[in-house]
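Protein sequences appear in the order of chains Y and Z.
Here the first sequence is numbered in our numbering, starting from 1 and rising by one per residue.
Here the second sequence is numbered in our numbering, starting from 1 and rising by one per residue.
Every residue gets a Cβ at the ideal spot worked out from N, C-alpha and C, and that includes glycine.
Number of protein chains: 2
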Amino acid sequence: MDSAAAREQALDAAERLFYGRGVKSVGMDDVRTASGVSLKRLYQLFPAKEQLVVAYLERRDARWRGQLAAHVARQGEPRERILAVFDWLREWFAEEGFRGCAWINAYGELGATSAAVADRVRAHKQAFRDYLGTLVADAGLPARMAGHLFLLAEGAMVTAGVTGRPDPAGEAREAARALLAAER
Amino acid sequence: MDSAAAREQALDAAERLFYGRGVKSVGMDDVRTASGVSLKRLYQLFPAKEQLVVAYLERRDARWRGQLAAHVARQGEPRERILAVFDWLREWFAEEGFRGCAWINAYGELGATSAAVADRVRAHKQAFRDYLGTLVADAGLPARMAGHLFLLAEGAMVTAGVTGRPDPAGEAREAARALLAAER
DNA sequence: AAGGTAGGAGAACGAACGTTCTCAGGTCAA
DNA sequence: TTGACCTGAGAACGTTCGTTCTCCTACCTT
């Protein structure tokens, strides 16, 4: 197995474990066992656990935003594209094993002690917010709408995570629709 | 020092430390040192760390909701009372040492491993949501508004916590006002 | 074939931490 | 006074975990 494959396998296992149980509850040994990548290799690829955590957040960020954008792109109307964000959230919330937003959870766990993790969380949230900004601009809506939609989405993620139910996505969609309607 | 005083002192220190650095980064020994309550006494009052965490969340919940309700009660108009929730959030976000919502953070840290903590978080969020429900009902607004306002507030808490800025309270207030206006 | 290098398995190390124990002193009842 | 009990200070214990080290095997080069 070459380095690139080992890296992917390690990240696959790390993501599954970190997301499912929280970062601090997962030891490097758990990652070794789940991935089949030896400790030696693990520490070659990621010289410290923190770097594995950062890599996990970065890879997940790219995939998360890619999937969201792909889903949204299937809608033609600018306002429909905005509402599609919330439809995608509902699909995500309903996934088997959904346990809330990985970045919000990581921030609660490590934000106070790891600057690198806190930075990754902020970067992810900023990127999501900027993305909403482009959707809002494409719809010819005032820029402030992006912030409002962002807060609804974040609230839905937190609430779905804590309650374990996907309903908040529908509520957020409803609220978003009301906000859009008010701008017409 | 009697038991009740020791309990308060322990909880004061625990709250300061847990909230400021996260629960897992704080040892029982740190609580002992910061509170001046001996380990023996600490374990008499709270037979395990988890119970100290639960007690911290419960006491903070009572105070948090009490302060919010007191602030809101100063407003006479039902719709003003709803907006006052977001004004209070802004004050909270701007406080020295604000580090996000204690319950969201605790959930990210312990939700996956401690059922007792997860329960306290759900109870707190449910109580807050119910409270918004009473404000919405008093204003003669449709019940679904409570869910929308709740999501805005949760989104603001998360975002203020991650960014360290109080602005999300203002954005959420703006969005709430737009939602209220749409119902007139 | 010989020797060198990389990798895997897992033991080992050192620190942190939750929890319990020891010991010395103080208090109060009889 | 005596003795039972409580308390505080902090040592001690057992576990977990991040990280490093040891040892052995397999493969590549010459």
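Beta-carbon proximity of residue i to residue j, cut-off 9 Å
i      : j      : result
A106/Z : L57/Z  : yes
F93/Y  : A176/Y : no
W88/Y  : D61/Y  : no
V31/Y  : L42/Y  : yes
E154/Y : H148/Z : no
W22/Y  : G22/Z  : For the record, residue 22/Y in the displayed sequence is Gly; it is not Trp. Not a contact, by the Cβ cut-off of 9 Å.
R63/Y  : A127/Y : no
L180/Y : L83/Y  : yes
Under the three-state DSSP convention, the category residue i falls into
i      : result
S38/Z  : coil
R44/Y  : The sequence shown places Gln at residue 44/Y, not Arg. Residue state, collapsed to three classes: helix.
G27/Y  : coil
G147/Z : helix
P168/Y : helix
G22/Y  : coil
R99/Y  : coil
G140/Z : coil
R184/Y : coil
Rounded Cβ spacing between residue i and residue j (contact assumed at less than 8 Å)
i      : j      : result
G76/Z  : M157/Z : 26 Å between Cβ atoms; not a contact.
V162/Z : R122/Y : 6 Å
G164/Y : G97/Y  : Contact doesn't hold; Cβ gap of about 11 Å is too wide.
P168/Z : A178/Z : So it is not a contact: roughly 15 Å between Cβ atoms.
L45/Y  : L151/Z : Going by Cβ atoms, the distance from L45/Y to L151/Z rounds to 39 Å, so no, they are not a contact pair.
L11/Z  : R59/Z  : 6 Å
R79/Z  : A139/Z : 5 Å
First and last residue of the uninterrupted alpha helix (DSSP H) at residue i
i      : result
D2/Z   : No alpha helix (DSSP H) holds D2/Z; DSSP gives it neither H nor E.
V53/Y  : K49 to A73
R248/Z : Residue 248/Z cannot be examined here, being either before or after the span of chain Z that is shown, 1 to 184.
T113/Y : Per DSSP, T113/Y belongs to no alpha helix (DSSP H) and is neither H nor E.
Close beta carbons around residue i, own chain, < 7 Å, minus the five adjacent residues each side
i      : result
L141/Y : E183
A146/Z : R129, L132, G133 and V136
L17/Z  : V26, D30, V31 and A34
M28/Y  : L39, L42 and K49
G36/Y  : Q9
A6/Z   : V37, R41 and L45
P166/Z : R90, F93, A94 and A160
K24/Y  : E109
R120/Y : V54, L57 and E58
Nonlocal neighbours in the same chain, by C-beta distance under 6 Å from residue i, ignoring five residues either side
i      : result
H124/Y : D61 and W103
R81/Z  : V72, Q75 and L135
A14/Z  : V31, L52 and Y56
A143/Y : none
Cβ-based neighbour list, residue i, same chain, cut-off 8 Å, excluding 5 preceding and 5 following
i      : result
E50/Z  : S114, A116 and V117
M170/Z : One detail in the question is off: residue 170/Z reads as Gly in this sequence, not Met. Correct list, in chain order: F86 and R90.
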